[in-house]
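Enquirer: Protein chains in written order, with the numbering used here: chain A, 1 to 515; chain B, 1001 to 1119; chain C, 2001 to 2089.
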Amino acid sequence: MDMHVKKLGLKEKYAHMTRGLGWDTTYQPMEKVFPQATFEGIKIHDWEKWEDPFRLTMDAYWKYQAEKERKLYAVLDAFAQNNGHLGITDARYLSAIKLFLTGISPLEYVAHRGFAAAGRNFPGVGPRVACLMQSIDEVRHAQTQIHAISNYNKHYDGFHDFKHMLERVWYLSVPKSFFDDAFSAGPFEWMIAIGFSFEYVLTNLLFVPFMSGAAYNGDMATVTFGFSAQSDEARHMTLGLECIKFMLEQDPDNLPIVQKWIDKWAWRGIRVLSLVGMMMDYMLPKRVMSWKEAWEIYFEQNGGALFNDLARYGIKVPECLTQCSVDKEHISHQAWATFYQYGGAAAFHTWMPNDEEMDWLSAKYPNTFDKYYRPRFTYWREQAEQGNRFYSNTLPMLCQVCQIPMLFTEPDDPTQICYRESEYKGEKYHTCSDGCKHIFDDEPEKYIQAWLPVHQIYQGNCFNEGVDPTAEGFDPLAEVLKWYHLEHGKDNLDYEGSRDQQNFQAWRGMATQNT
Amino acid sequence: MAVNALKDYSFAPADSQDKFHGNQLLYVGWDEHLMFCAPFAYCLPPDTRFGDLCQKFMAHSFGYHPEWKQVDFSKVTWLKSGQPFVPDMDKTLAELGLGHKDVLRFRTPGLTGIAGTCS
Amino acid sequence: MSKVFIAFQTNEDTRPIIEAILADNPHAVLDEQPAMVKIDAEGELVIKRESIEELIGRDFDLQELQVNLITISGHLDEDDDQFKLSWLN
C-alpha cells in the first residue's frame, strides 16, 4: 500500500507551531494580563501580522542549537588540552578578552532576562516565540563566553571576578547603564534598543571584525564562541528589523515614537562601541581592519542600506549620526588614550603602540593620527622609557548619559572637548555631545538617577565596609581598587613588566624548548 | 518631557550637593591640552580659595604636563559654562558664585601642547 | 540599489554552500577574511536548496544554514526551497 504522508511545509509548520499555540485570557481581561503592551503609546491592531522570516519553531531550534553547542565544546576541549592560550600572538591580546568578559558577557545575561520579559509582555504569539528563543540564545552566549574564557583565568590576571566588577568598575558602568536604560523601558522600546539598534545596526561591528581578529590572533576559543554566538545574531537582527517594520505598518502614529527611539538608541550604541573601536585599533596585536574601515562597511554601507529601505515608512537617518563620519577617525585613539592614563584603575593592562603599530595607525588614519595623536603617544612612550609613565591622578568628569569620561571632541574641532550642559529642577547636568544632551533633555527624570562612578566615589560609596575615608593617610585609589576586587600591581598598570607578560614569555619558552 | 511609565515616575537626583559631605563638585578642563583626556572632577569644600584650587589641586592634576610650569595665572583666561569668567585668587569658590557641578575651562595663551598639537 | 550580504564560518560544511551561492548569483562578490567568508551582492541574494543538495549529494534543509551562519543584511524570506535576502529600495 502506498503511503502518501505529506510533510508540512516550513510556512504551514510555523503557523501551526506558533499561532496555533496562542489563546486569549478569560479569567482576567487581556489588558490586565498584558499591561506593558500599551503604555508606551505604540498602537497594535493585529498581532497576527507579525512575521518571523526564519520561521523557526522550537523543535528545529533545539536541534540546531544543540549542534552548535557540540561544535563549540569540542573546540573548547581541544583548546584546553593543547595549551591553546600559548598560541595567541602576544599576551597583550588578553586585555581585549578581559574587557570582553567584564564588559560584554554579563550583558548577554541581562539580554537573556530582557528578552524573557519582552516575551512575557507582548500579547502576540509571533514575537513571544521569537523573544523566547532569543532569551535562551542570550543565556547560552553568557555561559559559553564564561566557559571559553575561564581557560584564560587559569593562567592570567584580571579574569577572576567579572560579575562583581560589572556593578562597580568605572568603565563598566558604560555598557551596564546602556542595558539598564533599555531594560527599564517598556517592551517596545527594549526591542528597538536591543533588537534593532544593538543587534541589527551595531552587533556586526562587535562580533564580526573583532572575532575575525581573534582568529587572526590565534585565539581559537574566542573565535569559536564568538561565531557561535553570532550565528544566533542573524536571527536576532531579523527579529529587530521585523519588529520595526511591524510597528510602522500597524499604525501611522507609531512613526514618531519609533523614530525617537531609533535616534536615541543608535547614539547610545555608538557611544558604547567606542570601547570596541579601541579594542580593534589598539588591543589586537595583529589587526584585521581598522575601526574606521569596519565602521564604513558595517555602519555606513550596511546601515545606509537599512535606512534607505526604512525611508519608505518615513524613517529618517538619526541626525546625530552626521557627526559619526568625523568621529570615526578619532574615537578609538581618544578612548585608548583615556584607558592608558587611567590604567591604574582598569582591570586589564595598557601600553603605548610600538613604531610599527603607529605606522599602521598612520596609514589607516591619514587625516588624524599623525596630526593629533602620534605626538601625544610618542611623548608618553618616551616618558615611560625614562621611568615617568603617565597615570592621571585625578578622577575625570563623566557624561551624565553615556557615563564615558568627557573625552569626545567637537565635531568641527578635534582639539576642543565637547561640553554640553542642561539644567533640571535647579541641578546642573553635563553631557558629552548633542546626542547625549538630547537624550537627557527628553527624559531628565530617568538620567538624574544615573550611578556615575566618579560621583559615587566622591560620595564615599565605593569603599569596603569599615574603611574610614577621614583616617590619616587614607588612599582613595587603593581603597577603590580593593572594593573593585582588583589587585594593584597584578590586574592593572602597564603591560610592560606585568605578570601576564612574564608568564606568557616563560611558558611559551617552555613550550618550544626542552630546558 | 515626562518619562512614559506605568506608575508615577519621580526620583531624587543621585548627585545633589547634600550627598557630598559638605563638599561640592567642580569640573576643570585645560583647553588645547588633550593629553588630559577629559576635564577633571574635584570634590571640594565651598570655602576653598580659588588660589588653592589653582596652585594645589590643579597643580597636582595637571602638573605632569611639560607646559604646566609655564602657566602664568595672571594671563590665564577662564570660561564658566562657556561664558567668560574672571576669578579672584583670594576669594573662595562660594564667594565667586561657583556652585555645585559648575564647569570651568581655562585657556593658556601661547601654550599649545606637546609639539604644538593641542595635546 | 543597496548591497545585501551573508557571512559564514570558513569550514567544510560551508564550502559547498558558498560554491552553490556563487554559482546561483553571478553578481555576488566573495570576500575571504580570517575564519570567515562574506558574500556581498547588489540588491538581492538567493540561496537554493537544490543547488546545495546537488553539491553535497544528500538532502539539505535550509535551516541547517543557521549552524554556520555569522551574519546577514537585508530582508529575509525563507521557505522550503530558497533563502532570499533583499532590500526593497
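Built from N, CA and C at the ideal position, the CB exists for glycine as well.
1) Going by DSSP, name the residue or residues bridged to Ala-1041(B).
2) Nearest to Leu-1044(B) by CA position, among Leu-1093(B), Ala-1059(B), Gly-1113(B) and Pro-1109(B), is which residue?
3) Where does Thr-583(A) sit, in a helix, a strand or coil, going by DSSP?
4) For a quick check, are the C-beta atoms of Ile-404(A) and Leu-395(A) less than 9 Å apart?
5) Classify Ala-74(A): buried if its beta carbon has 16 or more other beta carbons within 10 angstroms, exposed otherwise.
6) Provide the residue span of the beta strand (DSSP E) that contains Trp-1078(B), from first to last.
7) Give every residue of the same chain whose Cβ lies closer than 6 Å to the Cβ of Asp-1978(C), excluding the five residues on either side of it in the sequence, and list them in chain order.
8) Considering only their Cβ atoms, is the gap separating His-485(A) from Asp-161(A) smaller than 9 Å?
9) For chain B, check one thing: does any of its Cβ atoms lie closer than 9 Å to the Cβ of Leu-452(A)?
10) Mind checking the stretch 1029-1055 of chain B against chain A and listing, in chain order, the residues whose C-beta falls within less than 8 Å of any C-beta there?
11) If you draw a straight line from the alpha carbon of Ser-95(A) to that of Gly-124(A), how long is it in whole angstroms?
12) Check the Cβ of Phe-1020(B) against every Cβ in chain A and list those closer than 7 Å, keeping chain order.
13) Looking at the secondary structure, which residues open and close the alpha helix (DSSP H) in which His-112(A) lies?
14) Should Val-1003(B) and Glu-443(A) be called a contact, given that it needs their Cβ atoms to be closer than 9 Å?
15) For Val-480(A), which residues in the same chain have their Cβ closer than 8 Å to its Cβ, ignoring the five residues on either side in sequence?
16) Across the stretch 69-87 of chain A and the stretch 125-135 of chain A, are there enough close Cβ pairs to call them in contact, namely three or more that are closer than 8 Å?
17) Could you tell me which of Phe-2060(C), Ile-2018(C) and Pro-2026(C) sits nearest to Thr-2010(C), measuring between CA atoms?
18) What residues in the stretch 190-205 of chain A have a beta carbon less than 7 Å from any beta carbon of chain C?
19) Residues of chain A with CB under 9 Å from Ala-2041(C), in chain order?
20) Going by beta carbon distance, what residues of the same chain come within less than 6 Å of Ser-2002(C), once the five residues before and after it are set aside?
21) For chain C, find out if any of its Cβ atoms is closer than 9 Å to the Cβ of Glu-300(A); answer yes or no.
22) Please classify Asp-5(A) as buried or exposed, where buried requires at least 16 other C-beta atoms within 10 Å of its C-beta.
23) For the putative contact between Gly-186(A) and Phe-34(A), defined by C-beta atoms under 8 Å, what is the C-beta separation to the nearest angstrom?
24) Mind checking the stretch 2031-2062 of chain C against chain A and listing, in chain order, the residues whose C-beta falls within less than 7 Å of any C-beta there?
25) Suppose you measure from the CA of Asp-1052(B) to the CA of Lys-1091(B); what does that come to, to the nearest Å?
26) Per DSSP, which residues does Lys-428(A) bridge with? Please list them.
27) Tell me the DSSP bridge mates of Val-2037(C)?
28) State buried or exposed for Ala-193(A), treating a residue as buried only when at least 16 other CB atoms are found within 10 Å of its CB.
29) With 7 Å as the C-beta to C-beta threshold (strictly closer), list the residues of the stretch 209-234 of chain A near chain C in chain order.
30) So, are the CB atoms of Arg-92(A) and Trp-351(A) less than 9 Å apart?
31) Are Phe-1073(B) and Met-1089(B) closer than 9 Å when you measure CB to CB?
32) Take the Cβ of Asn-254(A) as the centre, count every other Cβ of all protein chains shown within 10 Å, and call the residue buried at 16 or more, exposed below.
33) From Gly-1082(B) to Cys-1037(B), what distance separates their C-alpha atoms?
34) Go ahead and pull the three-state DSSP assignment for Glu-496(A).
35) Given Glu-1032(B), which residues of its chain have a CB within under 8 Å of its CB, disregarding the five upstream and five downstream residues?
36) Is the CB of Ala-1094(B) under 9 Å away from at least one CB in chain A?
Expert: Looking at the atomic coordinates:
1) Tyr-1027(B)
2) Leu-1093(B)
3) The displayed coordinates of chain A run from 1 to 515. Any statement about residue 583(A) would go beyond what the structure contains.
4) no
5) exposed
6) 1077-1080
7) Because chain C here runs from 2001 to 2089, residue 1978(C) falls outside it and cannot be looked at.
8) The criterion of a C-beta distance shorter than 9 Å is satisfied by Asp-161(A) and His-485(A).
9) yes
10) Gly-1029, Asp-1031, Glu-1032, Leu-1034, Met-1035, Phe-1036, Cys-1037, Ala-1038, Pro-1039, Phe-1040, Ala-1041, Tyr-1042 and Cys-1043
11) 43 Å
12) The contacting residues are Tyr-458 and Gln-459.
13) From DSSP, the alpha helix (DSSP H) with His-112(A) extends over 105-121.
14) Against a cut-off of 9 Å, the Cβ pair of Glu-443(A) and Val-1003(B) comes out as a contact.
15) Ala-345, Ile-457, Cys-462 and Phe-463
16) Touching, no, given that fewer than three Cβ pairs across the two stretches are closer than 8 Å.
17) For the residues Phe-2060(C), Ile-2018(C) and Pro-2026(C), the minimum Cα distance to Thr-2010(C) belongs to Ile-2018(C).
18) Asn-204
19) Going along chain A, no residue has its Cβ under 9 Å from Ala-2041(C), so there is no contact; the nearest lies around 12 Å.
20) Trp-2087
21) no
22) Before going on, a small fix: residue 5(A) reads as Val here, not Asp. Label assigned to Val-5(A): exposed.
23) Going by Cβ atoms, the distance from Gly-186(A) to Phe-34(A) rounds to 11 Å, so no, they are not a contact pair.
24) Gln-2033, Pro-2034, Ala-2035 and Met-2036
25) 10 Å
26) Glu-423(A)
27) According to DSSP, Val-2037(C) bridges with Phe-2008(C) and Glu-2032(C).
28) buried
29) Ser-212, Ala-215, Tyr-216, Val-223, Phe-227, Gln-230, Ser-231, Glu-233 and Ala-234
30) yes
31) Yes, these two residues count as a Cβ contact at 9 Å.
32) buried
33) 19 Å
34) Per DSSP, reduced to three states, the secondary structure at Glu-496(A) is coil, with no helix or strand assignment.
35) Arg-1107, Thr-1108, Leu-1111, Thr-1112, Gly-1113 and Cys-1118
36) no
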